[in-house]
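Everything in the sequence shown is counted per our numbering, starting at 280 for the first residue and increasing by one.
To start, the structure under review is shown below, and the notes come after it.
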Amino acid sequence: GLWLAEQQAKVDTMADGCDLIFIGDSITYAWDSRLWRQYYEPRRALNFGLPGDTIQNVLHRLDYGGLKTLKPKVAVILIGTNNGGPATETAQGILAVIEKTQELFTGVKIILMDILPTARRTEHITATNEIICGFVDNKSVFRLNLAERMKPEGDSWKGLEADKLHLSSEGYAIWAEMMEPLLETLLNE
């Protein structure tokens, strides 16, 4: 729909000028605009997140031909919260996203995000995260687990909105700060 068209136009304007791509769902799409301008705009970053996306949606969107002209050094992948089903299936899907990203962008370094805590499917997410840790080799795929800093608060977690799913400004600040040292290193390699 409209979001997809808007996103493809965004891809086309980046053409050869993309060093960093964020791949994901609404949590990626809704990046805090002030932090985005501060941290990522200067680094020629593309937000490739769409609300409601499942792993299957992302795999489909990665087929968009315009992406082939991009040569990002780093891809940040956060996907899976909208997938139900067994954890093994979600994890296999995340692996497929990693592999497709690596095929698309030669030599790209991947920052693989643990799926964030949510009140919706805690067990499913914990089990999926345990599996996807195994995809990390610290050569081409690196792990970032925001949950280390998103401590439980009441019946939710630090950095989450009232819906206990989406990130608040505080949550995006945690993401930006935690990722910064790793991102700095990978972009300068």
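Each residue gets a CB set at the ideal place from its N, CA and C atoms; glycine is no exception.
So what's residue i in DSSP terms, helix, strand or just coil?
| i | result |
| --- | --- |
| lysine 388 | strand |
| leucine 444 | coil |
| proline 460 | helix |
| glutamate 432 | strand |
| valine 337 | helix |
| threonine 360 | coil |
| glutamate 409 | helix |
| glycine 344 | helix |
| glutamate 468 | coil |
From the DSSP output, which residues share a beta bridge with residue i?
| i | result |
| --- | --- |
| isoleucine 300 | Leu325 and Ala354 |
| arginine 399 | Note: arginine 399 sits in no beta bridge, so no partner. |
| arginine 474 | What is shown of the chain runs 280 to 468, which leaves residue 474 out entirely. |
| leucine 439 | Leu446 |
Measure the CB-CB distance between residue i and residue j and report whether it falls below 9 Å.
| i | j | result |
| --- | --- | --- |
| glycine 413 | arginine 428 | no |
| leucine 391 | arginine 422 | yes |
| aspartate 304 | threonine 360 | yes |
| alanine 426 | proline 396 | yes |
| isoleucine 377 | isoleucine 356 | yes |
| isoleucine 411 | alanine 455 | no |
| leucine 446 | alanine 309 | yes |
| glycine 272 | glutamate 459 | In the structure as shown, the chain starts at 280 and stops at 468, and residue 272 therefore has no counterpart that could be examined. |
| arginine 322 | leucine 466 | yes |
| leucine 346 | serine 448 | no |
Quick one: give me the first and last residue of the alpha helix (DSSP H) that residue i is part of.
| i | result |
| --- | --- |
| leucine 281 | 281 to 293 |
| arginine 316 | No alpha helix (DSSP H) contains arginine 316, which DSSP labels as neither H nor E. |
| tyrosine 308 | 305 to 308 |
| glutamate 368 | 366 to 383 |
Give every residue of the same chain whose Cβ lies closer than 7 Å to the Cβ of residue i, excluding the five residues on either side of it in the sequence, and list them in chain order.
| i | result |
| --- | --- |
| threonine 348 | Ala294 and Asp295 |
| asparagine 408 | Asp393 and Ile394 |
| leucine 338 | Ala375, Val376 and Lys379 |
| isoleucine 453 | Leu425, Arg428, Met429 and Gly438 |
| threonine 367 | Ile410 |
Residues in its own chain within less than 6 Å of residue i by CB, not counting five upstream and five downstream?
| i | result |
| --- | --- |
| valine 420 | Ile389, Leu391 and Phe414 |
| arginine 399 | none |
| isoleucine 300 | Leu325, Phe327, Pro351 and Ala354 |
| tryptophan 271 | It is not possible to answer for residue 271, since the shown part of the chain is limited to 280 through 468. |
| tyrosine 318 | Ala455 |
Only counting the same chain, and skipping five residues up and downstream in sequence, which positions put a Cβ closer than 8 Å to that of residue i?
| i | result |
| --- | --- |
| leucine 331 | In the sequence as presented, leucine is not what sits at residue 331; that position holds glycine. These residues qualify, in order along the chain: Asp304, Ser305 and Asn361. |
| glutamine 381 | Val387, Ile389 and Ser419 |
| aspartate 343 | The question names aspartate, but residue 343 is tyrosine in the sequence shown. Closer than 8 Å at the Cβ level, and outside the excluded window around tyrosine 343, lie Gln287 and Val290. |
| isoleucine 373 | Ile334, Ile356, Ile358, Gly359, Leu391, Thr407, Ile411 and Phe414 |
With 9 Å set as the bound, which would you pick, yes or no: does the beta-carbon of residue i sit closer than that to a beta-carbon of chain C?
| i | result |
| --- | --- |
| aspartate 442 | Protein chains in the displayed structure number just one, and chain C is not present. |
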